[in-house]
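The numbering of the sequence shown is the numbering used here, which starts it at 57 and goes up by one.
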Amino acid sequence: MIEITIRLNTPDSARRFAGHLRALAATEAHRGQARQFRGTARRLEQLTRPVLHYAPRVRRPAHPGIDEGAVQRVVAGHQPFPVLSRDEARLACWHLTQRACPAPEIAARIRVAQRTVHRWRAEDRQAVTA
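Here it is as structure tokens:
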């Protein structure tokens, strides 16, 4: 067994090297060595994957009604955006969807995850078709 140490200067070169290791594993006749190459490539890809930073949960107001002024401010795009209650955020999402705003923009305005916007849109479509 021969062990080597490789120093890679950039994440891009590490990703390229991982690709070379995967190609080498595909042509390797020895199964154990191919598995080692694939494992090393997988580890390199994990190390170079960008870190996901989730925003902390927003403390939403708990008032029972809907503040139409706050919703319209978000829909109109007037900065700074107020923090909306869950019902207000859903209403603002509906208004922005009607205006054909993309999901990332809606998520940023109402301070929710993009998947929440997609889920709300799907639920609204389902309610309309049902």
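All C-beta atoms in this analysis are idealised placements derived from N, C-alpha and C, irrespective of residue type, glycine included.
With a cut-off of 8 Å on Cβ pairs, the region 146–153 is in contact with the region 164–175, counting three or more such pairs. Sorting Glu-124, Thr-185, Val-131, Leu-64 by C-alpha distance to the C-alpha of Leu-100 places Leu-64 at the top. Exposed is the label assigned to Ala-169, since fewer than 16 other Cβ atoms lie within 10 Å of its Cβ. Counted as a single uninterrupted DSSP element, the alpha helix (DSSP H) harbouring Phe-93 occupies residues 87–104. Counting C-beta pairs with one atom in each stretch, the region 124–132 and the region 84–101 have fewer than three that are closer than 8 Å, which means they do not touch.
Rounded to the nearest angstrom, the gap between the Cα atoms of Thr-66 and Asp-180 is 45 Å. Thr-185 carries a helical assignment under DSSP once its states are collapsed to helix, strand and coil. Gly-75 carries a helical assignment under DSSP once its states are collapsed to helix, strand and coil.
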